[in-house]
Amino acid sequence: MSRTTAAIAASATVFALLLAGCGDDTSTTTAATSTSAAAAAQVDSGKAGMFVVSYRNAFPKLAEGRDDAAIGGLLTQTCGDIKAGKAEADVVAGVVKNAKNGATAPTTEEAQAIYQMAKLMC
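FYI, in mature numbering (1 follows the signal peptide of the UniProt record, and there is no 0) the residues of the sequence shown are -20 to -1, 1 to 102.
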């Protein structure tokens, strides 16, 4: 139960940080478009950092022994699945598979919380 509460708290923190980072961007620059799925799944490094910190705080057993790049890879993979138009249930199932750490796997509720955090970052 406390892991679910931690996941909710992490999601709320990420959401608050995203809102705080939103500002009036009046520049007219546009990002170059790419047709590759890998380029489409790239996530801003600041957002990836927020995801890693939130993930480590909310899911310490899943994060144990994993470096930041591995946790960031989970975000990149999840964002790629979301942007590819996969169904939420399929993306959550992928999160369960990709977030597994040895014998420790996320519950469906934890995977759903990870999905929600990732969705905000994509």
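Here a beta-carbon is modelled for each residue, glycine too, at the ideal position from N, C-alpha and C. It should be emphasised that the depicted structure is a prediction, and the values quoted were computed from it without experimental measurement.
Residue i beta carbon near the ligand COA (any heavy atom closer than 7 angstroms)
i     : result
Ala43 : The model depicted lacks the ligand COA and carries no ligand whatsoever.
Coarse secondary structure for residue i, derived from DSSP in three states
i     : result
Thr84 : strand
Ile94 : helix
Lys99 : helix
Asp70 : helix
Gln57 : helix
Ala50 : helix
Gly65 : coil
Contact set for residue i: own chain, Cβ-Cβ below 8 angstroms, skip 5 residues either direction
i     : result
Val43 : Per the sequence shown, the amino acid found at residue 43 is Ala instead of Val. Excluding sequence neighbours, Ala43 sits near Tyr35, Arg36, Ile51 and Asn81.
Ala18 : Residue placement at Ala18 cannot be trusted, given a pLDDT of 46 that sits under 50; the coordinates are not used to answer.
Pro86 : Phe39, Leu42, Val75, Val76, Ala79, Lys80 and Ile94
Alpha-carbon spacing of residue i relative to residue j, whole angstroms
i           : j      : result
residue 106 : Cys102 : With the chain running from -20 to 102 in the structure shown, residue 106 is simply not present.
Ala67       : Phe31  : 22 angstroms
Ala64       : Ala49  : 22 angstroms
Ile94       : Gln22  : 17 angstroms
Val33       : Met97  : 11 angstroms
Thr29       : Thr56  : For clarity, residue 29 is Gly in the given sequence; the question names Thr instead. Spanning the two alpha carbons is a distance of roughly 12 angstroms.
Neighbourhood of residue i by C-beta, 6 angstroms cutoff - its chain only, sequence neighbours within 5 removed
i     : result
Lys41 : Thr84
Ala91 : Val72, Val75 and Val76
Spatial neighbours of residue i in its chain, beta-carbon cut-off 7 angstroms, leaving aside the 5 residues before and after
i     : result
Arg46 : Asn81
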